[in-house]
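Q: Residue numbers (my numbering): 25 to 284. Here a beta-carbon is modelled for each residue, glycine too, at the ideal position from N, C-alpha and C. Below is the structure I would like to discuss, written out as structure tokens.
Spelled out as structure tokens, the structure:
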């Protein structure tokens, strides 16, 4: 299957940008259900039968494991506990870059590089909701989330980070020292009082003649039992507008030239 180089369509206050080479490594929209879906050992097979037109590859089962730190009331010291979450199943298209991931608790559509564009990702989200509803029945949703993981490469060995980013990186010696690496993570609640955002800005591995940066924007909107697809898609659209604006407010015109 051949994909056209997608453009990132961005609508921010007072401006609109289209990028021939968007820096998106992965874009995804995830639905978390308010209560577990009716799920049995047969459910993944039923989903595959309903989805195989768009996702023909055999689904891959993935175990989800979460680590937690426990502090006992005695002096034996802290211990780590590993909790197994619900198994999830990954459905892929022929290229392996368009994914649908489902479990008894969540449903997501994921777009790996090359990014297909929000319009197409939104269509796949709508189709995924329709398919899961046919297979498991209508279920109330507890949260809608939208996440974009960007890898931005600056092909210069040394430069001023303010040239490319509007995200302040303060180094030692009152900013006079050069950075070698950093990890900047902020959790916020937007002024609407309901949308939670986790933004991560960090250096990542790159060849010596380059500098590469991670800009990871994760928007989450809790909702109360919403079930109809039209309302869920409306929330996803709003989160996309907010993600676009946040991305654009984090970079400069010099960065935008990297994506032309």
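1. Rounding to the nearest angstrom, what Cα-Cα distance links residue 201 and residue 131 in this structure?
2. Could you name the residues of the same chain whose beta carbon sits closer than 6 Å to that of residue 194, not counting the 5 residues immediately before and after it, in chain order?
3. Just how far apart, CA to CA, sit residue 133 and residue 239?
4. Would you check if there are 3 or more beta carbon pairs closer than 8 Å linking the region 138-155 to the region 254-262?
5. Would you give the residue range spanned by the beta strand (DSSP E) that residue 116 belongs to?
6. So, are the CB atoms of residue 241 and residue 226 less than 7 Å apart?
7. Sort 52, 127 and 43 by Cα distance to residue 69 and report the nearest one.
8. Measuring CA to CA, which of 156, 148 and 267 is closest to residue 63?
9. Is residue 140 helix, strand or coil by DSSP?
10. Measuring CA to CA, which of 84, 243, 124 and 160 is closest to residue 59?
11. May I ask which residues mark the beginning and end of the alpha helix (DSSP H) holding residue 268?
12. So within the region 141-187, which uninterrupted beta strand (DSSP E) runs reach at least 3 residues, ignoring any that extend past its ends?
13. Let me know if residue 168 comes out buried or exposed under the rule of 16 or more other beta-carbons within 10 Å of its beta-carbon.
14. Considering only the beta carbon of each residue, do residue 276 and residue 188 sit closer than 7 Å?
15. Based on the DSSP output, what are the partners of residue 211 in its beta bridges?
16. In the DSSP assignment, find the beta strand (DSSP E) that holds residue 240 and state where it starts and stops.
17. Give the straight-line distance between the Cα atoms of residue 269 and residue 221, rounded to the nearest whole angstrom.
18. What's the call for residue 76, buried or exposed, on a 16-neighbour Cβ count within 10 Å?
19. Candidates 154, 113 and 257: which alpha carbon is nearest residue 146's?
20. Decide if residue 273 is buried, meaning its Cβ has at least 16 other Cβ atoms within 10 Å, or exposed.
21. When the distance is taken between beta carbons, is residue 165 closer than 7 Å to residue 250?
22. Rounded to a whole number of angstroms, what is the C-alpha to C-alpha distance between residue 162 and residue 255?
23. With residue 190 as the anchor, note down where its alpha helix (DSSP H) starts and where it stops.
24. Tell me whether the beta-carbon of residue 224 lies closer than 7 Å to the beta-carbon of residue 209.
25. Is the closest heavy atom of the ligand GDP to the C-beta of residue 266 under 6 Å?
26. Report the three-state DSSP secondary structure of residue 122 (helix, strand or coil).
27. What does the alpha-carbon distance come out to for the pair residue 27 and residue 191?
A: If we stick to the structure as given:
1. 45 Å
2. none
3. 20 Å
4. yes
5. 112-116
6. no
7. 127
8. 156
9. coil
10. 160
11. 253-274
12. 165-178
13. buried
14. yes
15. 222
16. 235-250
17. 13 Å
18. exposed
19. 257
20. exposed
21. yes
22. 14 Å
23. No alpha helix (DSSP H) holds residue 190; DSSP gives it neither H nor E.
24. yes
25. By its list of ligands, the structure shown contains no ligand whatsoever, and the ligand GDP lies outside what it can speak to.
26. strand
27. Because residue 27 sits at a pLDDT of 30, beneath the cut-off of 50, its placement in the model cannot be relied upon, and the following sentence gives the value as read from the coordinates. In a straight line, the C-alpha of residue 27 is about 33 Å away from that of residue 191.
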